[in-house]
Amino acid sequence: MNLLLDTHILLWWLAGDARLPSMASEAIGTADNTVTVSAASAWEIAIKKAAGRLDAPDDLADALGANDFETLAISVAHALEAGGLPAHHSDPFDRMLIAQARIEHLMLVSVDPRFSDYDVELLPFP
Numbered sequence: 393m394n395l396l397l398d399t400h401i402l403l404w405w406l407a408g409d410a411r412l413p414s415m416a417s418e419a420i421g422t423a424d425n426t427v428t429v430s431a432a433s434a435w436e437i438a439i440k441k442a443a444g445r446l447d448a449p450d451d452l453a454d455a456l457g458a459n460d461f462e463t464l465a466i467s468v469a470h471a472l473e474a475g476g477l478p479a480h481h482s483d484p485f486d487r488m489l490i491a492q493a494r495i496e497h498l499m500l501v502s503v504d505p506r507f508s509d510y511d512v513e514l515l516p517f518p
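So, in structure tokens, the structure goes:
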């Protein structure tokens with residue numbers, strides 16, 4: 393599987409947080425799966441960390457590398473796709489993740505119930 397992690401899933405994985413669903417943990421930890429993190433998540437983390445609203449690793453790039461996670465830049469095609477999505481979700485970071493998952497054919501890993509309103513492949517949770 394080719395996975396794209398939502399920001400909260402990434403942070404829960406890095407922190408070993410019990411809120412990470414076991415199915416997500418298994419998928420992320422499976423060596424045959426490619427795990428991708430969007431530049432949008434890094435941007436969201438940096439903004440919230442600078443505002444004091446989030447505890448996150450000081451060197452996110454090193455944490456991603458240590459976990460063998462791929463990174464995904466934001467392209468013009470991603471931006472246009474995100475801008476053209478129906479307004480089911482107002483969070484611009486989440487809309488970017490949905491757009492990237494759609495364009496790059498990645499399975500999005502999130503517990504956000506609003507993602508199911510979009511035509512995007514989601515890792516199913518029981």
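When you read off a place in the sequence shown, starting at 1, and then add 392, the result is the number in our numbering. We put the beta carbon where it would ideally sit given N, CA and C, even for glycine.
Report the rounded CA-to-CA distance for residue i versus residue j, giving the unit in angstroms.
i, j, result
"R411", "G421", "16 Å"
"H470", "V512", "14 Å"
"M499", "R487", "14 Å"
"S414", "W435", "26 Å"
"E496", "L403", "22 Å"
"A423", "I401", "18 Å"
"G408", "Q492", "26 Å"
"P484", "R494", "15 Å"
"F517", "M393", "15 Å"
Determine, using beta carbons only, whether residue i and residue j come nearer to each other than 7 Å.
i, j, result
"L395", "V501", "yes"
"H481", "R506", "yes"
"T428", "E473", "no"
"A419", "L515", "yes"
Going by alpha carbons, who is nearest to residue i out of the options?
i, options, result
"D460", "L477, N425, A432", "N425"
"P449", "I490, L406, K440, V429", "L406"
"S433", "E418, A443, L489", "L489"
"S430", "P484, P478, D483, T399", "T399"
"Y510", "P478, P484, L452, M393", "P478"
"L397", "L464, D447, D451", "L464"
"A453", "G476, S508, I437, M393", "I437"
Buried or exposed: where does residue i fall if 16 or more other Cβ atoms within 10 Å of its Cβ makes it buried?
i, result
"A458", "exposed"
"I439", "exposed"
"V468", "exposed"
"A416", "buried"
* Residue ranges of each alpha helix (DSSP H) run of no fewer than 4 residues wholly in the stretch 398-425, ordered along the chain? -> 399-407, 414-421
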